[in-house]
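For the sequence shown, counting from 1, position 433 maps to 433 in UniProt numbering; every step adds exactly one. All C-beta atoms, glycine included, are put in the ideal place defined by N, C-alpha and C. Take a look at the structure set out below.
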Amino acid sequence: MRHHIRFYLGQTLHEVSDLSPTHTVLDWLRDQKGLTGTKEGCNEGDCGACTVMVVRLENGQLTWRSVNACIQFLWMLDGAQLFTVEHLQNPDGSLHPVQQAMVDLHGSQCGFCTPGFVMSMVAYVQNGGGDDPKAINTALAGNLCRCTGYAPIIRAMQQARRIMVQQGNRFDVEKQDIILRLSALQDGSSVDIQNAHGRITLPANSDVLAAVYQESPKATLVAGATDVGLWVTKHLRDLPHVIAVRSAKDLHKLEQRDGGLWIGAAVTYTQALPALATHLPDALETVKRIGSTQVRNAATVCGNIGNASPIGDGPPLFIAASAVLHLRQGDTRRQLPLENYFVEYGKQDRQPAEFIESIFIPDQSAQTIMRAYKVSKRFDQDISAIMAAFAVSINAEGKITEARLVFGGMAGIPCRAKMAEKALVGQKWNTAALEAARTAIQDDFTPLTDMRGSAWYRSTVSANLLTRFFEETAHQGSAQPICLEGWREISHA
Ligand SMILES: Cc1cc2nc3c(=O)[nH]c(=O)nc-3n(C[C@H](O)[C@H](O)[C@H](O)COP(=O)(O)OP(=O)(O)OC[C@H]3O[C@@H](n4cnc5c(N)ncnc54)[C@H](O)[C@@H]3O)c2cc1C
Ligand code: FES
Ligand code: FES
């Protein structure tokens, strides 16, 4: 058992034990290290001004992740190497190619957003990102600029990438050193820090996690902190004891076996994306719109469920896919269909000290057509007003044998439109069935009016999404999903 965390800031090893459970990376950098290049804009993961790059060793490979330092806790850096804008310049003092391109192509005006953009851009190239403006837009969707305009920044990204591909850059040269350094930090031990500020536990595996959580059932589980971070920065909550989920090595499993996809509690959306692309291809565009690159780099799939927000994007999607949760309390394990986990607003079927170990998403049958639609005011980096995920199975006679029409944003929990489903089952997938489902869905929900949409808007859109699903799928004749990428993109709202 270790009683301090260890990580590199640039090239310097830090061993820290005097920290609180809620000490953010941003505050530590600015207040204790005097590294004020990393800016505080929104302090809630939205603007990207605080973006830093965290490098880790995962399965022997280096990963370079941009994350929002304002909602990452310092203890989450254990075993990692952190780079800020202050660490980018070359050993001879010249600017990093990304910084130089931002200067040359006028990618900065007031400069407040610039360090965050630069860090996202560096991480993008380190991850092998290409020249495609669409991919660049995705990488930079979590960085907001209010004065330069995005075109010069994207041009700078393209130029910097070309130079880095042709000439390399300092991180390519340092790769082996970084691997050696990070390998030396992987001692496989759990960490427990107790001090005047509170208690921080980083279990090395799920057995330790289960045992510590049983001893301290009131502790707060923290995975990627993209929800929990805001409890601290926006609601000023104190967290006396935090238990990390992502330090448990065995919870990082992401595998296809036993007729489905297993996603462990420590797996982030970025890590799960390639597997989800294969497993639920028609939902991919929606998953790509969860938060931003920085958010998906930290946010876990299971944290999205643990948070139990009625407007989370993952739960409707995974309920439509008939996902099953694997829960654990001490040595006792149980399985639960995901839809039964959400009982009512703020209440889940979870016992004290019980946690999600993994989620299992069964393979979809060839008879099933699936689509997911995220409706939000902005395309990128926005919480859904309505999230809909539909899965309909059609037999050889063209009749609907099963329908799972799942919505977020229509009630206090993510839930199925059971009346609309009933109207579809046994029918052919035609306009009569669609009209019956459109009518029935009005009895399924009594939506609320809030800042994201009125009750009228939600009722209207939920029925219209059924029409869209019909328009996209009914003419297929068979149940094979078809690709309507372009259409989906221009009509996202
Ligand atoms: C800027 C921004 C944009 C966002 N955009 C979206 C979006 O578009 N769509 C969307 O759905 N969400 C969005 N979110 C919310 C958030 O990113 C997701 O809910 C995310 O998946 C949470 O995962 P996490 O690992 O960060 O969870 P954490 O913040 O670590 O935890 C969330 C909750 O789950 C609990 N928890 C964590 N792990 C477990 C476990 N293994 N077992 C039981 N409970 C657990 C925690 O105790 C906590 O209550 C956004 C957040 C931010 C900051
Ligand atoms: S300060 Fe805005 S994302 Fe961190
Ligand atoms: S340069 Fe001013 S906010 Fe981007």
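Ligand 1 heavy atom lying under 6 Å from the CB of residue i
i           : result
A244        : no
A225        : yes
N304        : yes
T24         : no
A299        : yes
I319        : no
I290        : yes
D238        : no
I356        : yes
V52         : no
residue 505 : Since the first residue of the chain shown is 1 and the last is 493, residue 505 is not available in this structure.
N195        : no
D313        : yes
A307        : Residue identity check: residue 307 is Asn in the sequence provided, not Ala. Yes; taking the cut-off as 6 Å, the Cβ of N307 has a heavy atom of ligand 1 nearer than that.
A265        : yes
L221        : yes
V208        : no
V191        : no
V295        : yes
residue 496 : Here the chain covers residues 1 to 493 and nothing more, so residue 496 does not appear.
Cutoff 6 Å; reference residue i; Cβ partners in own chain excluding five residues on either side
i           : result
A283        : L317 and A372
A403        : V392, E421, L424 and V425
residue 531 : Residue 531 is absent from the model: the chain starts at 1 and stops at 493.
M419        : A440, D443 and D444
G41         : C47 and A49
S292        : A141, G142 and Q381
G486        : Low per-residue confidence applies at G486: pLDDT is 33, beneath 50, and the placement is therefore not dependable enough to give any value.
T368        : A391 and S393
D250        : N205 and S206
Extent of the continuous alpha helix (DSSP H) run through residue i
i    : result
W262 : No alpha helix (DSSP H) contains W262, which is instead part of the beta strand (DSSP E) from G260 to G264.
W456 : A455 to T473
G306 : V301 to G306
L325 : Careful: L325 lies outside any alpha helix (DSSP H), inside the beta strand (DSSP E) at V324 to Q329.
K134 : P133 to L140
A204 : Where A204 is concerned, there is no enclosing alpha helix (DSSP H), given that its DSSP letter is neither H nor E.
A275 : Y269 to H279
A196 : Note, A196: premise wrong, no alpha helix (DSSP H); not H, not E.
Q126 : T114 to Q126
I179 : R170 to L185
V98  : P97 to D104
Residue i burial status per 10 Å Cβ neighbour count (16 or more: buried)
i    : result
D450 : exposed
A265 : buried
S94  : exposed
G111 : exposed
A366 : exposed
I302 : First, the amino acid is wrong: residue 302 is Cys here, not Ile. That one is buried.
V191 : buried
W75  : buried
L19  : buried
S478 : In this prediction, S478 has a pLDDT of 44, which is less than 50 and means its spatial position is unreliable; nothing more can be read from the coordinates.
W64  : buried
K39  : buried
H235 : exposed
A151 : exposed
R257 : exposed
E255 : exposed
Limits of the beta strand (DSSP E) - the one that residue i falls within
i    : result
A403 : I400 to G408
F360 : E354 to P362
H14  : T12 to V16
W64  : Q61 to N68
K374 : T368 to V375
M76  : No beta strand (DSSP E) contains M76, which DSSP labels as neither H nor E.
8 Å Cβ shell around residue i - same chain, five flanking residues per side excluded
i           : result
A323        : P337, L338, I359, F360, I361 and P362
residue 507 : Beyond the ends of the chain as shown, which are 1 and 493, falls residue 507; an answer cannot be given.
E489        : Interpretation of E489 is limited by its pLDDT of 36, a score under 50 that renders its predicted location unreliable; no figure is taken from the coordinates.
Q186        : L57 and G79
Contacting residues, own chain, Cβ-Cβ under 7 Å from residue i (five flanking each side not counted)
i    : result
G412 : P310, E344 and Y345
F469 : R371 and F390
H252 : G264, A266 and V267
Residue i at chain C interface by Cβ criterion, 7 Å
i    : result
Q294 : Considering every chain present, this structure includes no chain C. It has just one protein chain.
Quick one, what's near ligand 3 if you take every residue whose CB is closer than 7 Å to any heavy atom, in chain order? S108, Q109, C110, G111, F112, C113, T114, C145, R146, C147 and T148
Taking 7 Å as the limit, tell me which residues put their C-beta closer than that to any heavy atom of ligand 2, in chain order. L26, K39, E40, G41, C42, N43, E44, G45, D46, C47, G48, A49, C50, N68, A69, C70 and I71
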